[in-house]
Structures are given as structure tokens and as C-alpha cells.
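In our numbering, the protein residues as written are 2 to 646.
Where is the CB? At the ideal position from N, CA and C, for every residue including glycine.
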Amino acid sequence: VLFWINVSFLGIGIASDNEIPSLVILPFENKGEAKDEYYSYGISSDIISDITSIGQLRVASLNSVEEMQKDGLKNIEIADKLSSRYVVSGSLWKIDSIFQLSLELFDTEEEMLLVSERWETHWSELSLVKDELTKKIIEGLSIKIINELDSENVVNADAYEYYLKAKHTYRERKTIKDNKIARGLLNKALSIDSNFVDAEYLLANTYHDIDRDIALKKYKIALKTADRLDDKKAKMDIKSRMGDIYSEKWDTEKSLKLYREAYKLSKEIGNESSIASALNGLGRFFWERREGDSARYYWQESYDIIKRLGDKSKLVGITNDIGLVYWEFDSDLDKAILAFEESLALEEAINSFTGIPLSNLGVIYHNKEMYQKSKEYYDRVLDHSVAVDDRNGIGFIKYYIGVHYEKLFEYRTAIEYFRSSYEINKDLGIERWKSNSLRGLVICHHILDEQEISKKYFDLAAEINTKIVNSFYKDVGFDLLKYGNYTLSRVAFNKQLIFEKENDNRNGIISTLTNIGLSYFYEGSYSEALNYFDQSIEYDGIKNLVAPVETLVHKYLSQSELGLPINIEHLKALIEGFEKNNQSWYENEPEHINWALYELFGDEKYIIEAKNKIDSNLKNIKHELHVKYLSYPFQKKIMESFNRM
Numbered sequence: 002v003l004f005w006i007n008v009s010f011l012g013i014g015i016a017s018d019n020e021i022p023s024l025v026i027l028p029f030e031n032k033g034e035a036k037d038e039y040y041s042y043g044i045s046s047d048i049i050s051d052i053t054s055i056g057q058l059r060v061a062s063l064n065s066v067e068e069m070q071k072d073g074l075k076n077i078e079i080a081d082k083l084s085s086r087y088v089v090s091g092s093l094w095k096i097d098s099i100f101q102l103s104l105e106l107f108d109t110e111e112e113m114l115l116v117s118e119r120w121e122t123h124w125s126e127l128s129l130v131k132d133e134l135t136k137k138i139i140e141g142l143s144i145k146i147i148n149e150l151d152s153e154n155v156v157n158a159d160a161y162e163y164y165l166k167a168k169h170t171y172r173e174r175k176t177i178k179d180n181k182i183a184r185g186l187l188n189k190a191l192s193i194d195s196n197f198v199d200a201e202y203l204l205a206n207t208y209h210d211i212d213r214d215i216a217l218k219k220y221k222i223a224l225k226t227a228d229r230l231d232d233k234k235a236k237m238d239i240k241s242r243m244g245d246i247y248s249e250k251w252d253t254e255k256s257l258k259l260y261r262e263a264y265k266l267s268k269e270i271g272n273e274s275s276i277a278s279a280l281n282g283l284g285r286f287f288w289e290r291r292e293g294d295s296a297r298y299y300w301q302e303s304y305d306i307i308k309r310l311g312d313k314s315k316l317v318g319i320t321n322d323i324g325l326v327y328w329e330f331d332s333d334l335d336k337a338i339l340a341f342e343e344s345l346a347l348e349e350a351i352n353s354f355t356g357i358p359l360s361n362l363g364v365i366y367h368n369k370e371m372y373q374k375s376k377e378y379y380d381r382v383l384d385h386s387v388a389v390d391d392r393n394g395i396g397f398i399k400y401y402i403g404v405h406y407e408k409l410f411e412y413r414t415a416i417e418y419f420r421s422s423y424e425i426n427k428d429l430g431i432e433r434w435k436s437n438s439l440r441g442l443v444i445c446h447h448i449l450d451e452q453e454i455s456k457k458y459f460d461l462a463a464e465i466n467t468k469i470v471n472s473f474y475k476d477v478g479f480d481l482l483k484y485g486n487y488t489l490s491r492v493a494f495n496k497q498l499i500f501e502k503e504n505d506n507r508n509g510i511i512s513t514l515t516n517i518g519l520s521y522f523y524e525g526s527y528s529e530a531l532n533y534f535d536q537s538i539e540y541d542g543i544k545n546l547v548a549p550v551e552t553l554v555h556k557y558l559s560q561s562e563l564g565l566p567i568n569i570e571h572l573k574a575l576i577e578g579f580e581k582n583n584q585s586w587y588e589n590e591p592e593h594i595n596w597a598l599y600e601l602f603g604d605e606k607y608i609i610e611a612k613n614k615i616d617s618n619l620k621n622i623k624h625e626l627h628v629k630y631l632s633y634p635f636q637k638k639i640m641e642s643f644n645r646m
């Protein structure tokens with residue numbers, strides 16, 4: 002599993018054609034009591050949001066700024082790190098029902114103060130003063146406003162206060178209970194002001210990673226309000242998020258329509274950062290569809306815009322995403338590593354930390370069987386997540402550390418990490434990592450011959466929301482196949498097949514039919530295997546197979562075992578095409594595929610590569626576990642063929 006970064010691109014618009022003004026908005030300093038911190042955070046983030054709806058100005062992300070403040074950097078140093086010319090700073094002091102606010106806008110290039118303002122206002126006027134702060138920034142920059150600020154939809158003061166509390170609670174959430182508290186505050190805000198579209202949008206976001214169906218209903222409600230208010234930025238953001246959900250549901254028509262509408266709105270708003278955001282969404286759509294060339298095209302378009310804007314914080318995400326294409330679709334691990342390292346270097350340059358490039362580097366070295374190096378990357382993610390008390394980060398990286406120990410046959414240690422990851426993600430309500438951790442628990446207990454415990458975790462998969470996570474049965478099924486439990490692997494694959502058919506997921510149906518075929522093939526049931534390989538091919542034609550080499554080579558070997566005639570011309574043509582692009586393409590294939598290619602074609606390079614992978618794994622496995630490792634189906638067949646050669 003690799004991770005793309007869903008970037009929120011921020012920006013506004015300017016008069017000059019020669020320079021794109023760059024702006025850092027520092028979190029307002031809370032000079033009052035600690036319990037009033039949500040005001041200062043909320044005001045800062047709302048000003049950023051308001052400014053992004055105006056035109057073309059590059060605004061640094063709030064997360065990047067906060068990371069640098071934690072490191073003790075001064076305002077000018079932060080601006081320099083983020084390649085930003087202008088710095089906005091301010092303070093907020095709540096005394097009973099009165100707020101005292103200050104705002105300064107500083108030009109670091111000219112070393113001069115452009116704006117210095119003070120306000121004193123009653124709390125009921127806070128949302129109006131927030132709008133005034135935004136206008137002062139625009140005026141201070143002397144830029145031409147492309148899109149006027151919306152001053153007609155004045156938010157009720159009580160509703161705005163509940164919204165600010167909810168926003169801060171949701172951002173600082175540690176458990177699923179915090180989500181519920183944030184929702185309660187948002188519902189109070191909406192009971193006071195039914196036109197508060199930002200509150201409706203945030204309410205939908207609190208469900209996005211927990212229950213996609215509820216989130217979708219909430220987004221639709223928010224979209225109706227945004228349409229009624231003709232709030233283009235809100236409509237763009239909401240449609241992009243809805244597009245994400247429909248994309249995950251494989252509802253191609255709806256998701257693509259929403260992404261295109263978000264792109265059109267970004268053009269109407271008139272700022273390049275929003276256009277880049279919409280292009281990024283289209284890239285995600287094609288990535289989820291496994292259409293690498295289209296994903297590459299849109300992500301590269303987005304990259305070119307952000308590169309031109311010089312926005313390092315946004316380049317972090319898009320560079321990472323392009324690295325995914327190099328890996329998954331080009332099988333070019335070296336280019337993928339360079340892209341992830343570039344993304345990581347950009348993070349370090351701006352003192353930001355997502356953990357995503359580090360995690361992807363860990364995964365890629367893990368798949369290269371460089372386990373110690375991958376563990377170093379995982380540990381860096383874990384150390385940072387623990388230091389900042391990021392339970393989300395702790396929960397997901399503990400899963401990968403569990404996988405690390407699983408691959409080293411240290412199953413008891415792996416179980417500790419999987420169980421911890423499962424409990425954290427269950428508490429947070431994050432279905433994807435809860436599912437992944439269950440897979441690890443099923444497999445490790447199965448290998449330790451603790452079948453009742455393994456079955457208990459397998460049955461817990463019924464609690465997973467398959468509308469959010471749909472890969473558990475596929476992943477656990479293939480692992481069970483590798484370890485020789487063909488019957489239970491088919492139980493998993495057949496559950497996966499039902500799900501894929503319910504969602505009319507072409508790629509999922511094709512790959513699952515192939516996996517069922519593989520379970521019969523390695524069991525030695527070649528007639529049943531051939532039946533499923535043929536179903537996989539016939540579903541959408543031989544040219545549209547999801548895993549063509551894996552499917553065809555095992556189909557032809559099944560025919561050979563049954564004494565049936567074979568026509569391998571299509572597979573030979575595929576391989577010739579691969580070799581034109583990369584003579585060593587097969588080195589990136591799993592060992593069971595290289596074994597099968599050797600058995601079919603007799604070319605020793607395939608079985609040597611498969612044996613090399615086994616030898617590499619044995620170096621990382623304790624000597625007393627070698628015999629068990631070599632007894633598993635794939636390894637056993639490889640060693641038999643190699644020794645025969």
C-alpha cells in the first residue's frame with residue numbers, strides 16, 4: 002500500500018503579471034486564557050480560507066508555519082524558509098465579552114511595515130472584524146481583487162463561536178469521542194444559523210474517514226447551501242470531496258463529473274492554486290482507477306503550476322504522488338525513490354512533516370527486501386508521531402512496523418504492533434488501518450498455529466465498513482494462499498468477489514478471479530484453476546487483464562499440466578514489449594511469477610531471480626526458521642525447480 006497526499010492548495014489573486022506575491026499568515030497570538038486558544042487558531046485559519054477565495058496569491062500552509070514556530074524560528078526566518086515575501090502577524094486578547102485584536106503586515110524584501118492596525122470589539126462583532134482583517138491584508142498588498150469578498154452572508158456571532166470551538170476540537174482530536182464533541186458544537190452552530198456553509202462542510206468532514214455514506218449526505222446538504230449562497234469556493238471544495246467518495250465507490254460517472262465541475266469552478270475563481278488543486282483531484286481519480294498515464298498527466302500539470310508558484314509546501318504532496326506513478330505503473334523503483342526523497346527534502350526545508358514520503362520510502366525499501374533500511378524510515382515516522390502525540394500517525398506506522406517483523410518471521414513482536422495499531426485505529430474510527438492490522442493478526446496467529454485466535458480476527462472483518470475499505474479479503478486471501486491455507490484463502494477471495502460484483506468494479510472482479518485461480522493452481526487443482534483464469538480473461542478480454550503476466554503464465558501452466566494445447570504468442574509479445582523498455586523488468590516481479598515464467602519458457606534468468614529473492618530473505622530470517630520458510634508453497638516450488646536446473 003502506497004500513500005498519495007490529498008493536498009489542499011491555497012492561494013489568491015494579484016494585479017502584477019510579473020510577480021506572484023507570497024504570504025505567510027502566522028497563527029494569531031492568544032494573549033488571554035489558554036481556554037480561548039480556539040479563537041486565535043480559528044481566526045487565522047479562516048483568514049487564510051477567505052483570502053484563497055479572492056484570486057492569485059501564494060499563501061503558506063498553517064501546518065508548515067506551526068511546525069517552524071515549534072522549532073523556535075523567528076517570523077523573518079519562517080518567511081525565508083517558506084520563500085514568502087510578506088508576513089502577517091497578529092494577537093487576540095479576550096477580556097470577558099470584549100476582544101482586543103492587532104494586525105501587522107510586514108514586507109521582508111523592503112523591510113517595511115505595510116499595515117499596523119488595532120481593534121477593540123464586542124464578541125458579537127468578531128466575525129465582522131475577521132472580514133475586516135482580511136480586507137486590510139488585501140489593501141496593504143495593493144493588489145487588484147479578482148473575486149470580491151462575500152460580505153452579504155454575515156454569520157451569527159453565537160454560531161461562529163461554536164464553529165471556532167468545533168474547528169479547534171476536530172483539529173486536535175485524539176479519539177473518536179473528540180469527533181462527536183466537534184459534531185455537537187457544529188450542530189449547535191447550525192441550529193442558530195442554517196446558512197453557515199463552512200460549519201456544514203466541516204460537519205461532513207468529521208464523517209469522511211469514518212462513514213462515507215453519512216459524509217456524502219452531509220456534503221450534499223452543504224452543497225445546497227453553497228449553491229443558494231453562490232459561494233464558489235465552498236462549492237469547489239465540497240464537489241472535490243464528494244468526487245473523492247464517488248471515486249472510492251467506483252462510481253465513475255459521478256466522480257468524474259464532480260471533479261470536472263470543481264475544476265471549472267477553480268477557473269472561475271481565477272487562481273492558479275485552486276486550479277492545481279482541481280487537477281490534483283483529477284489525478285487522484287485516475288490513480289484510484291489504476292490508469293497511470295492519465296494520473297501522471299494531471300499530476301504533472303498540477304506540479305508545473307505549483308512549481309511556477311514556488312510553493313514548496315504544496316510541492317511536497319504532488320512530488321510524492323508522481324513518485325507513486327513511477328513505482329506502480331513504470332516499475333521504476335529508482336525514479337520513485339528519487340521522487341520520494343525530493344518530497345522528503347522539501348518537507349525538511351520548510352520544517353513540515355506529513356510522514357508520507359518517509360513511509361513510502363520505508364515501503365519501497367521493504368519491497369526491495371532491504372528490511373533494516375525500511376525499519377529506519379518507519380522508526381523516524383514513529384518517533385515524530387510520538388513526540389507530537391499524533392495518534393493517527395502512531396496507529397498507521399505501527400502497522401508497517403508489524404509488517405516488518407512479520408517478514409522477519411518474528412511473529413510475536415509483529416502481533417504486538419498489529420494489536421496496538423488495531424486498538425488505536427478502532428478508537429479513532431479509521432477503517433483502513435483497522436482493516437490492515439486485522440490482516441496482520443489473522444496471518445501471524447495462523448502461522449503460529451493459533452487457529453481459533455486467527456479465525457476470531459478473521460470474523461472481526463465483518464465490522465469493517467467495506468464502503469470505505471474494500472481490500473481486506475483480497476489481502477488476507479493472498480497471504481493465506483502464500484502460506485498454503487488454500488481453503489480459507491478462497492473463502493476470503495469469494496467474499497471479495499461478492500463485494501466487487503456489487504460495486505461493478507471491473508478491475509476488482511478480474512483480479513479476484515485470477516486470485517481464486519491461483520489458489521487452485523498451487524493446490525494442484527488445475528482444472529478449477531483454468532476455469533477461473535479463463536473467467537478472468539473473458540470478463541473484459543485478454544488485452545484488458547489487470548495482471549496479464551501472472552494470469553496468462555499460470556493459465557498456460559495449467560493447460561500444460563492437463564495436457565492441453567497452448568498458444569503463448571500474446572504473452573511473448575507482452576514480454577518483448579517490457580524488454581524494450583527495461584531489460585531487467587522481471588526483477589521487479591514477485592518470485593512466484595518468475596518461477597512460473599521459468600517453468601513455461603525454460604529461461605534460467607527467471608528461476609535465478611526467484612532464487613535470489615529467497616536467498617535475500619533468508620539473510621534476514623533467523624537460521625532456525627529457514628526450514629519453515631522454505632516449506633511454504635512458493636518457496637518450495639522455486640527450490641525444487643532451481644535444484645532440478
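Original post:
Taking one C-beta from the segment 213 to 223 and one from the segment 177 to 190 each time, how about it: are there three or more such pairs within less than 8 Å?
Top reply: no
Original post:
If you follow the beta strand (DSSP E) that Gly91 is part of, which residue opens it and which one closes it?
Top reply: 87 to 96
**OP:** Determine which residues share a DSSP beta bridge with Asn31 and list them.
**Re:** Leu93
Original post:
Does the segment 392 to 411 come close enough to the segment 613 to 633 that 3 or more CB-CB pairs lie under 8 Å?
Top reply: yes
**OP:** Return helix, strand or coil for Glu121, following the three-state DSSP convention.
**Re:** strand
Subject >> Inter-residue Cα distance where the pair is Gln373 and His367 >> reply: 8 Å
Original post:
Which whole-angstrom value is the C-beta distance of Val116 and Lys137, which I expect to be below 8 Å?
Top reply: 5 Å
Original post:
How big is the Cα-Cα spacing for Tyr401 and Tyr299?
Top reply: 30 Å
**OP:** Starting from Ser23, follow the beta strand (DSSP E) in both directions and report where the run begins and ends.
**Re:** 23 to 26
Original post:
According to the neighbour-count rule (16 or more other Cβ atoms, all chains shown, within 10 Å of its Cβ), is Val628 buried or exposed?
Top reply: exposed
**OP:** Taking His405 as the reference, give the member of Gly396, Asn393, Tyr418, Gly394 with the closest Cα.
**Re:** Tyr418
Original post:
Taking three-plus beta-carbon pairs below 8 Å as touching, is the segment 99 to 111 in contact with the segment 119 to 128?
Top reply: yes
Original post:
In whole angstroms, what separates the C-alpha of Ile538 from that of Glu529?
Top reply: 15 Å
Original post:
What three-state label does DSSP hand Ser9 in the structure shown?
Top reply: Model confidence at Ser9 stands at a pLDDT of 37, short of 50, so the residue's coordinates are unreliable and nothing is read from them.
**OP:** From the DSSP output, in three-state form, read off Lys313 for me.
**Re:** helix
Subject >> Cβ-based neighbour list, Lys166, same chain, cut-off 7 Å, excluding 5 preceding and 5 following >> reply: Tyr39, Leu186
Original post:
Taking the Cβ atom as the reference point for each residue, do Ser256 and Tyr247 lie within a distance shorter than 7 Å?
Top reply: yes
Subject >> Limits of the unbroken alpha helix (DSSP H) element including Gln452 >> reply: 452 to 461
Subject >> Anticipated Cβ contact below 8 Å, Val382 with Gly356, distance rounded >> reply: 4 Å
Original post:
Does the beta-carbon of Glu618 have 16 or more other beta-carbons within 10 angstroms, so that it is buried, or is it exposed?
Top reply: The question names Glu, but residue 618 in the sequence shown is Asn. With 16 or more Cβ atoms within 10 Å of its Cβ, Asn618 is classed as buried.
**OP:** Could you give the DSSP three-state label for Ile99: helix, strand or coil?
**Re:** strand
Original post:
Would you report the Cα separation of Met371 and Gly363, rounded to the nearest angstrom?
Top reply: 9 Å
Subject >> Alpha carbon of Glu570 to alpha carbon of Ser295, nearest angstrom >> reply: 29 Å
Original post:
When the Cα of Glu289 is compared with those of Lys399, Asp380, Ile77, Asp322, which residue comes out closest?
Top reply: Asp322
Original post:
What are the residues that DSSP puts in a beta bridge with Leu114?
Top reply: Phe107
Subject >> When Tyr633, Asn426, Lys544 are compared against Lys483, the one with the closest alpha-carbon >> reply: Tyr633
Original post:
Which residue comes first and which comes last in the alpha helix (DSSP H) that contains Lys612?
Top reply: 605 to 620
**OP:** Report the three-state DSSP secondary structure of Tyr400 (helix, strand or coil).
**Re:** helix
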